Amino acid sequence: MWQRVARPFQRLSRRHCDLISEVCVRQLCSSSSEFTDGSYDGLYPGHIPTTPTQKALLAVGSGVAALQDPYRHDMVAVLGETTGHMALVNLRDRMRNDPEGYTILTERPRIRLSTLDLSKMASLPDGSFGREYLRFLEDNHVTPDSRADVKFVDNEELAYVMQRYREVHDLLHTLLGMPTNMLGEVAVKWFEAAQTGLPMCALGALLGPLRLNTSRLQTLFTSLGPWALQNGWQARCVLSIFYERRWEQSVEELRQELNIDPPPVIPSASKKRST
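For what it's worth, this note's numbering labels the leading residue of the sequence shown as 47, then goes sequentially.
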C-alpha cells in the first residue's frame, strides 16, 4: 500500500502532496489503534503504540504536510512526537535536576482554560505575566485548549514533558514579546530550537525563514535571530518554571530570573494567525 502511495508522490502538486501525507498519517494512526485491539495499554490515556517503521512513516508523512503548511498543528504535533525522543530525555533530566522542574514533573499541572482563573488574571496590573498572557490570548484569538494531546511518545513521563512543552509555547510568546505572525513564530522557533533541541523546532527554525519577505528576513538575520538563539542557549530551562504560580510576577522580573534579554525589536503584529 505504502509503495503505491509513494510512487507518484513527487509528481503531485503541493496540495495533493499535503493531502496524501495527511491520509498516510491518519491511516497509520488507525492501523496502530487496530494493532492494540482498540484497548488502553495502560501507559497513558490516548497512547498509540507504534513500531520503529511506523514512527518513521509517521515522521515522513507529517513532516511533508507540516512543511506545506506550518499552521497544520496536528501534523506538527505528530512530527514532534516521532522525532524527539532524545531531546525529551534531555529536557526531562534538566527538569529533574531543577527543584521547580522536579515539582512540575511530580504534580503534572496542565495549562487549560479550565485551570486558569481568567477573572483574576484580568484584574492583575499591566506588565504582570498573567495579565500580559491573557492579553496575548485575547489579541491573537488563541486558546491553550487548542494543544493536541500526546499520542506517540512511548514513555509516560516523556509524554508529559512533550505536553508541557506544547502548553508552554504561548507563554513563551508572551515572555519573549513575539506576536503570532510568521516572523514572530520563526523567532520563537529559533529560541525553542536552541533551548530544547527538539528536531521539530530545528526544522521550523530552518525552513520558517523561507516564508519571510526580504525586509523581515533582514530583521531576522540581523537582530531577532541572533537574539533568539543566544537567549535560547543561555536561559534557564523554560519547562522548569511553574508559570501557574507566577501570574503576579512582572514580565521584566521573570525575564531577569530566566536570564532572557528583552527583544531588540517587536515585529509588527499584522497578519495574525492562531498558533
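Positions of the beta carbon are idealized from the N, C-alpha and C atoms, including for glycine. Nothing here was measured: the structure is a model prediction, and the numbers come from that model.
Is it buried or exposed, residue i, if we count other Cβ atoms within 10 angstroms and call 16 or more buried?
i, result
"GLY88", "exposed"
"VAL311", "exposed"
"LYS166", "exposed"
"ARG126", "Checking the displayed sequence, the identity of residue 126 turns out to be Gly instead of Arg. Classification of GLY126: buried, given that the 10 Å Cβ count is 16 or more."
"PHE175", "buried"
"GLU178", "buried"
"HIS219", "buried"
"GLU202", "exposed"
"TYR148", "exposed"
"ASP216", "buried"
"LEU96", "Reading off the sequence, residue 96 comes out as Thr, not Leu. When all chains shown are included, THR96 counts as buried."
"GLU303", "exposed"
"SER108", "buried"
"PHE288", "exposed"
"LEU333", "Given that the chain is displayed from residue 47 to residue 321, the structure contains no residue 333 and the question cannot be resolved."
"MET121", "buried"
Quick check: is any heavy atom of the ligand PLP less than 7 Å from the C-beta of residue i?
i, result
"LEU151", "You won't find the ligand PLP in this model; it holds no ligand whatsoever."
Just the C-alpha distance for residue i and residue j, rounded to the nearest angstrom, thanks.
i, j, result
"VAL110", "LEU170", "43 Å"
"LEU162", "LEU300", "19 Å"
"LEU160", "ASP191", "Leu is not the amino acid found at residue 160; the sequence shown has Ser there. Approximately 9 Å between the Cα atoms of the pair."
"VAL199", "GLY92", "10 Å"
"ASP172", "ASP307", "19 Å"
"THR260", "PRO225", "19 Å"
"TYR211", "ALA194", "11 Å"
"VAL207", "ARG262", "32 Å"
"LYS101", "THR128", "6 Å"
"ASP144", "GLY130", "21 Å"
"ILE94", "ARG140", "26 Å"
"CYS1", "TRP279", "Nothing in the structure corresponds to residue 1, since the chain is present only between 47 and 321."
"GLY243", "GLU153", "24 Å"
"SER67", "GLU298", "Low local confidence applies: a pLDDT of 49 at SER67 is under 50, so the model's placement there is unreliable, with the coordinate-based value given in what follows. Straight-line Cα distance between these residues: approximately 43 Å."
"GLN241", "LYS197", "23 Å"
"TRP293", "THR99", "43 Å"
"ASN305", "ASP185", "27 Å"
If you reduce the DSSP assignment to three classes, tell me which class residue i lands in.
i, result
"SER269", "helix"
"SER108", "helix"
"SER314", "coil"
Who are the near neighbours of residue i in its chain, counting only those whose CB is closer than 6 Å to its CB and skipping five residues on each side?
i, result
"TRP236", "ALA251, GLY271, ALA274 and LEU275"
"PRO155", "GLU290"
"ILE157", "PRO190 and GLU213"
For residue i, which residues from the same chain have a beta carbon less than 8 Å from its beta carbon, with the 5 sequence-adjacent residues on both sides left out?
i, result
"SER296", "GLY173, SER174 and PHE175"
"ALA168", "ARG177 and LEU180"
Tell me, to the nearest whole angstrom, how far the beta carbon of residue i is from that of residue j; I am working on the premise that it is less than 8 Å.
i, j, result
"PRO309", "ASN227", "Contact flag wrong, Cβ pair sits at about 14 Å."
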